[in-house]
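Take a look at the structure set out below.
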Amino acid sequence: MIVTKPNAETWGLTLLAASEVPNFLAGMAPSLFTLQHFTDKSEEDRRAAIDSMHRAYVVGGGLSLAVGAGASLVSDSWYPLAACAIVLVVLIVQYEWALGNPHTTSEAM
């Protein structure tokens with residue numbers, strides 16, 4: 011891959027690819043709010059939520075990085091892949107925060 015000054019096409023593909031990361035994770039995982047309400051029920055429920063989220067990271071993350079890689083190939087720039095990776099890391103950090111900070115006032119669903 012040649013490193014060149016990004017043009018409008020590269021920036022457009024970068025933004026489009028990065029914006030797909032939340033979509034792939036949302037298709038595999040619940041919202042932060044929902045996670046916080048499910049992880050305080052029991053240790054079994056908490057462990058199930060954590061295991062499900064880790065599977066979502068692998069599948070949703072893999073699809074996200076594939077889109078970033080495809081956009082990088084089309085644009086001949088590493089920007090789209092890097093942007094997808096950064097957004098993925100930010101979202102995983104947020105999901106991990108939600109798993110570790112259950113909402114203790116919620117009632118059983």
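Using the numbering used here, you'd call the opening residue of the sequence shown number 11 and step up by one each time. We treat Cβ as the ideally placed atom computed from N, Cα and C, and that holds for glycine.
By the criterion of at least three beta-carbon pairs nearer than 8 Å, the region 37–46 is not in contact with the region 18–26. In the DSSP assignment, W88 falls outside any alpha helix (DSSP H), carrying neither H nor E.
Cβ-Cβ distances below 8 Å link A28 to G78, P90, A93, C94, I96, V97 in the same chain, with the five nearest sequence neighbours on each side left out; the list follows chain order. The beta carbon of A108 sits closer than 6 Å to the beta carbons of L42, L45, Q46 from its chain, once the five residues preceding and following it are set aside; these are given in chain order. Inclusion of M63 and A81 in the CB contact set at 9 Å is not warranted, their separation being larger than that value. For S29, the enclosing alpha helix (DSSP H) starts and ends at 18–38.
Across the set V103, A66, S85, the C-alpha of S85 shows the shortest separation from the C-alpha of L26.
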